[in-house]
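So the structure is just underneath, and the comments pick up after that.
There are 2 protein chains.
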Amino acid sequence: MLLNKRIFLTLFFLTFSKILAAQSEVESNIQNLFQKSLTEGKSYEWLDHLSNKIGGRLSGSLNSQRAIEWSKNELNNLGLDKVYLQPVMVPKWIRGTFEYANIETSPGNTINVPVCALGGSISTPLGGLRANVIEVKSFNELSRRKNEVNGKIVFFNRPMRANFVNTFDAYSEAVNQRTQGAEIAAKLGAVGVIVRSLNLKLDDQPHTGTMSYGNLPLSKRIPAASISTNGAELLSSMLSLNKNLKFYLKQNCKNLPEVKSFNVIGEIKGTKYPEEIMVVGAHLDSWDLGDGAHDDGAGVVQSMEVPRLLKKINYKPKRTLRIVLFINEENGQRGAIKYNEESKAKNENHVFAIESDAGGFSPRGFSIDSNDEKFKIIEKWSIYFKPYLIHYFEKGGSGADISFLKSKNNVLVGLRPDSQRYFEYHHSENDVFSSINKRELELGAASIASLIYLVDYFKL
Amino acid sequence: MLLNKRIFLTLFFLTFSKILAAQSEVESNIQNLFQKSLTEGKSYEWLDHLSNKIGGRLSGSLNSQRAIEWSKNELNNLGLDKVYLQPVMVPKWIRGTFEYANIETSPGNTINVPVCALGGSISTPLGGLRANVIEVKSFNELSRRKNEVNGKIVFFNRPMRANFVNTFDAYSEAVNQRTQGAEIAAKLGAVGVIVRSLNLKLDDQPHTGTMSYGNLPLSKRIPAASISTNGAELLSSMLSLNKNLKFYLKQNCKNLPEVKSFNVIGEIKGTKYPEEIMVVGAHLDSWDLGDGAHDDGAGVVQSMEVPRLLKKINYKPKRTLRIVLFINEENGQRGAIKYNEESKAKNENHVFAIESDAGGFSPRGFSIDSNDEKFKIIEKWSIYFKPYLIHYFEKGGSGADISFLKSKNNVLVGLRPDSQRYFEYHHSENDVFSSINKRELELGAASIASLIYLVDYFKL
Chain A
29 MLLNKRIFLT LFFLTFSKIL AAQSEVESNI QNLFQKSLTE GKSYEWLDHL SNKIGGRLSG
89 SLNSQRAIEW SKNELNNLGL DKVYLQPVMV PKWIRGTFEY ANIETSPGNT INVPVCALGG
149 SISTPLGGLR ANVIEVKSFN ELSRRKNEVN GKIVFFNRPM RANFVNTFDA YSEAVNQRTQ
209 GAEIAAKLGA VGVIVRSLNL KLDDQPHTGT MSYGNLPLSK RIPAASISTN GAELLSSMLS
269 LNKNLKFYLK QNCKNLPEVK SFNVIGEIKG TKYPEEIMVV GAHLDSWDLG DGAHDDGAGV
329 VQSMEVPRLL KKINYKPKRT LRIVLFINEE NGQRGAIKYN EESKAKNENH VFAIESDAGG
389 FSPRGFSIDS NDEKFKIIEK WSIYFKPYLI HYFEKGGSGA DISFLKSKNN VLVGLRPDSQ
449 RYFEYHHSEN DVFSSINKRE LELGAASIAS LIYLVDYFKL
Chain B
29 MLLNKRIFLT LFFLTFSKIL AAQSEVESNI QNLFQKSLTE GKSYEWLDHL SNKIGGRLSG
89 SLNSQRAIEW SKNELNNLGL DKVYLQPVMV PKWIRGTFEY ANIETSPGNT INVPVCALGG
149 SISTPLGGLR ANVIEVKSFN ELSRRKNEVN GKIVFFNRPM RANFVNTFDA YSEAVNQRTQ
209 GAEIAAKLGA VGVIVRSLNL KLDDQPHTGT MSYGNLPLSK RIPAASISTN GAELLSSMLS
269 LNKNLKFYLK QNCKNLPEVK SFNVIGEIKG TKYPEEIMVV GAHLDSWDLG DGAHDDGAGV
329 VQSMEVPRLL KKINYKPKRT LRIVLFINEE NGQRGAIKYN EESKAKNENH VFAIESDAGG
389 FSPRGFSIDS NDEKFKIIEK WSIYFKPYLI HYFEKGGSGA DISFLKSKNN VLVGLRPDSQ
449 RYFEYHHSEN DVFSSINKRE LELGAASIAS LIYLVDYFKL
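Residue numbers (our numbering), protein chains in the order written: chain A, 29 to 488; chain B, 29 to 488.
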């Protein structure tokens with residue numbers, strides 16, 4: 029792209045007029061929040077630390093405890109009115125020291141394929157598991173073919189559909205293979221499950237994520253692993269040539285007793301309506317394969333940036349602003365449940381909550397869970413966001429952690445970044461700091477801060 | 029991100045209702061264009077070839093000729109009514125075999141810094157150029173300090189400003205250092221110029237790009253190179269410690285005589301108004317450092333995809349659809365000038381033109397160069413794009429190549445993808461295929477095809 033003179037001049041004057049335009053107090057404060065985030069932001073530096081100096085932080089791990097201590101200290105450094113830890117018991121699952129799989133196409137001929145244990149899975153026998161495979165696309169198909177399942181590994185191979193524009197819709201449609209596949213297959217006599225990674229791209233990274241055995245007793249549980257999308261394509265293609273091939277899986281992951289962990293909470297007390305609480309939340313835990321930069325390191329540092337940015341523009345919230353870094357979103361949501369329980373016990377009034385848990389990409393807008401009246405108010409605020417290319421204001425879900433706070437009159441919001449790249453990284457070794465763009469992260473932080481400012485300034 | 033049940037169900041029904049919703053013909057055709065692009069698109073495969081099998085394709089190079097032959101063949105394979113080459117003479121500049129620089133902080137102590145020659149620059153003397161440095165932020169500063177310039181290397185070090193939301197605005201504000209810096213510095217007696225790379229990120233890649241000596245005679249021209257942003261920071265910091273340090277630059281790039289090249293043009297003749305031409309354009313040439321995946325391989329394959337997608341949905345345009353792959357956008361715009369000249373000579377009527385030359389990222393909308401009446405028509409069509417998260421419909425420039433086609437009544441449009449990451453790649457070794465996301469590229473192609481469909485269906 030070369031900019032010819034006409035374009036250059038057009039852009040120059042557009043820019044100039046934008047900067048000089050007379051502005052309302054609200055417009056000017058929001059502009060300041062964006063400018064400060066882009067020029068004096070701390071979110072990127074924080075995320076560098078959380079990702080590279082701490083790393084993956086699965087609930088109950090030493091790293092999760094390090095992340096708790098670090099984020100508490102950083103919130104303290106911001107000079108908030110109160111920073112504290114909220115104790116909560118969390119599940120502890122460890123990946124173990126090996127995970128390995130191959131396809132035995134004929135006796136002695138094997139091809140290695142990339143796999144990883146699903147979070148919560150039991151280990152295979154020490155010598156591994158070797159069995160025939162039945163490939164299915166859905167629970168319906170599995171049910172129809174239930175007579176073929178006994179003694180086999182069930183291979184769930186329904187891809188995320190490319191024709192959804194929002195990739196989270198494709199995820200929703202495919203995720204039950206991972207979450208419920210093992211339970212359903214075990215009940216039909218399967219000895220293990222292999223699930224196609226929830227990734228729209230064909231590559232070699234297996235993607236982990238939580239799974240559940242439902243009410244299956246320990247003795248009935250079977251090992252569950254994820255296979256990379258390329259691995260799934262290969263296995264499927266091999267099965268079409270030889271349905272009697274064997275699949276070999278070996279993993280020594282393990283569920284350990286629950287351990288004590290913490291939500292990290294920081295608070296600025298409201299100057300006028302301290303009993304009205306606005307929550308900005310994200311989850312501090314992550315999966316263990318990458319460093320959790322997008323899921324949900326980005327949301328953590330964006331949340332931490334909100335009080336910092338409001339202080340930078342000298343705005344003192346009238347309502348209480350509470351930053352909540354939830355623990356254990358990925359495999360139990362214990363942090364969210366605990367926060368909600370304690371909040372209900374104290375009869376707290378959460379008027380608003382926003383969660384950032386969809387990656388650190390360019391913010392596109394907000395998904396809003398509220399009654400019509402309040403939705404319309406927020407929708408009208410979209411004009412304030414237009415200069416920052418934030419256009420999406422739609423009804424929809426908010427975030428897994430804050431959804432527990434739902435009441436008849438409050439408003440829950442999810443930040444909605446561009447979703448196209450998210451599932452390339454999600455729950456895999458690809459989810460690392462180098463895939464984060466500084467400006468995209470900063471624009472997200474400013475978007476959240478601006479919405480909090482509007483909620484506080486205008487009331488909802 | 030774990031999807032809890034409430035979110036899952038919400039998303040599921042949203043999705044379901046989206047798919048089943050009764051649709052108008054227009055809505056249904058646009059949905060088809062997006063679905064086909066995402067599920068049966070060819071743009072990504074084409075770009076893989078153009079980037080990885082051909083590579084960087086600077087005007088006049090063998091690779092540019094290979095790209096011309098390849099794209100002509102591919103357009104032919106689409107079964108268009110006419111595919112042809114339009115000859116045009118283009119400048120030929122070659123980078124040469126070395127480019128090297130260091131900072132000599134004290135005699136014998138040197139630090140290497142990453143540099144690359146600017147496109148069009150002359151070489152240094154064979155043994156290199158060694159001189160003191162004067163650092164400036166602007167032409168005004170240079171002019172004020174003109175007495176200090178003689179015999180020195182001028183170091184233009186005005187960074188792109190982070191506080192523009194659209195990174196192209198930041199580019200516009202900084203690019204004159206690269207395009208005019210050498211001419212202005214040479215007139216003041218400088219012996220060379222070093223320009224800070226036009227990159228918002230601090231990294232080690234130098235970014236090239238076109239520069240001009242204006243009307244300077246050959247004997248007065250001085251070598252011009254770009255330094256990486258980290259290199260610029262280092263040089264600036266060293267200068268603050270020792271303003272008498274020396275900078276050493278060595279490069280053997282060269283301007284050669286002009287050579288013959290071609291625009292590649294493919295056409296579907298309009299069924300009803302064949303004399304009304306709609307152009308979909310991009311530029312086939314690229315800089316030589318990367319493989320030109322974003323600039324402008326993405327635009328090339330998106331343009332090629334437009335007739336293919338329209339055929340897929342069995343839509344025959346009433347107006348003539350012309351795909352124009354312009355040559356030499358980067359360092360001369362000869363292709364665009366030639367196309368416009370020949371078109372004017374034939375008295376052709378270009379009613380509409382759209383260019384994709386801002387990277388292969390998630391499409392955000394369109395920048396529209398037209399009169400108010402036609403702008404308002406297009407603005408109303410934005411409702412058709414909302415399901416695809418395309419929200420940006422604003423007046424503004426279109427594209428460097430098609431801007432020559434401007435007339436009183438026609439409409440010129442630039443596709444506007446998300447701009448946050450673009451200048452990390454632009455004109456550097458980072459601009460390679462691996463930085464392209466398949467879905468983002470495909471959504472861009474579908475956006476262009478949909479706008480062309482609307483222009484043809486409704487008339488503008």
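Quick reminder that beta carbons are idealized off the backbone N, C-alpha and C, glycines included.
Within its chain, find whatever has a CB closer than 8 Å to the CB of residue i; leave out the 5 residues flanking it on each side and keep chain order.
i, result
"residue 113/A", "96, 100, 290, 291, 292 and 293"
"residue 267/B", "161, 163, 183 and 273"
"residue 242/B", "208 and 211"
I think residue i touches residue j, with their Cβ atoms under 8 Å apart; what is that distance to the nearest whole Å?
i, j, result
"residue 274/A", "residue 159/A", "7 Å"
"residue 460/A", "residue 321/A", "5 Å"
"residue 481/A", "residue 338/A", "7 Å"
"residue 141/B", "residue 262/B", "6 Å"
"residue 410/B", "residue 446/A", "Incorrect: roughly 18 Å between the Cβ atoms, too far for contact."
"residue 75/B", "residue 326/B", "6 Å"
For residue i, collect the residues of the same chain with a Cβ closer than 6 Å to its Cβ; drop the 5 residues on either side in sequence, then sort them by chain order.
i, result
"residue 233/B", "256, 456, 457 and 458"
"residue 340/B", "64"
"residue 37/A", "Per-residue confidence for residue 37/A stands at a pLDDT of 48, beneath the threshold of 50, marking its modelled position as unreliable; the derived number appears in the next sentence. Here the set comprises nothing."
"residue 45/A", "Per-residue confidence for residue 45/A stands at a pLDDT of 46, beneath the threshold of 50, marking its modelled position as unreliable; no derived number is given."
"residue 536/B", "For residue 536/B there is no data in the structure shown, the boundaries of chain B being 29 and 488."
"residue 324/A", "310, 311 and 385"
"residue 223/B", "184, 205, 206, 209 and 254"
Report yes if the C-beta distance between residue i and residue j is below 8 Å; otherwise report no.
i, j, result
"residue 78/B", "residue 467/B", "no"
"residue 384/B", "residue 431/B", "no"
"residue 182/A", "residue 147/A", "no"
"residue 355/B", "residue 118/B", "yes"
"residue 463/A", "residue 61/A", "no"
"residue 305/B", "residue 350/B", "yes"
"residue 84/A", "residue 120/A", "no"
"residue 219/A", "residue 180/A", "yes"
"residue 81/A", "residue 333/A", "no"
"residue 376/B", "residue 428/B", "no"
"residue 451/A", "residue 199/A", "yes"
"residue 396/A", "residue 424/A", "yes"
"residue 454/A", "residue 235/A", "yes"
Determine the closest residue to residue i out of the options, with distance taken between C-alpha atoms.
i, options, result
"residue 178/B", "347/B, 221/B and 379/B", "221/B"
"residue 128/B", "121/B, 143/B, 63/B and 122/B", "143/B"
"residue 124/A", "152/A, 103/A and 170/A", "152/A"
"residue 489/B", "196/B, 191/B and 252/B", "Past the boundaries of the shown model lies residue 489/B; chain B is included only from 29 to 488, so the question cannot be answered."
"residue 416/A", "361/A, 395/A, 237/A and 473/A", "473/A"
"residue 189/A", "68/B, 104/B and 171/B", "68/B"
"residue 86/A", "201/A, 74/A, 313/A and 75/A", "313/A"
"residue 192/B", "370/B, 228/B and 269/B", "228/B"
"residue 157/B", "170/B, 107/B, 250/B and 223/B", "250/B"
For residue i, which residues of its own chain have a beta-carbon under 7 Å away from its beta-carbon, when the five flanking residues on both sides are left out?
i, result
"residue 47/A", "With a pLDDT of 45 at residue 47/A, under the threshold of 50, the predicted position of this residue should be treated as unreliable, though the coordinate-derived value follows. So the list is empty, once near-sequence residues are dropped."
"residue 132/A", "138, 273, 274 and 276"
"residue 280/A", "124, 125, 126 and 151"
"residue 203/B", "226"
"residue 109/B", "295, 296 and 297"
"residue 365/B", "432"
"residue 405/B", "488"
What residue range is occupied by the uninterrupted alpha helix (DSSP H) comprising residue i?
i, result
"residue 207/A", "204-215"
"residue 231/A", "Counting along the chain, residue 231/A falls outside any alpha helix (DSSP H), and DSSP gives it neither H nor E."
"residue 415/A", "Careful: residue 415/A lies outside any alpha helix (DSSP H) and carries neither H nor E."
"residue 257/A", "257-269"
"residue 132/B", "Residue 132/B -> not in any alpha helix (DSSP H); beta strand (DSSP E) instead, spanning 127-134."
Would you mind reading off the limits of the beta strand (DSSP E) that contains residue i?
i, result
"residue 350/A", "347-354"
Measure from the C-beta of residue i to each C-beta in chain D and report whether the shortest distance is under 8 Å.
i, result
"residue 390/B", "You won't find chain D in this structure, because its protein chains are A and B."
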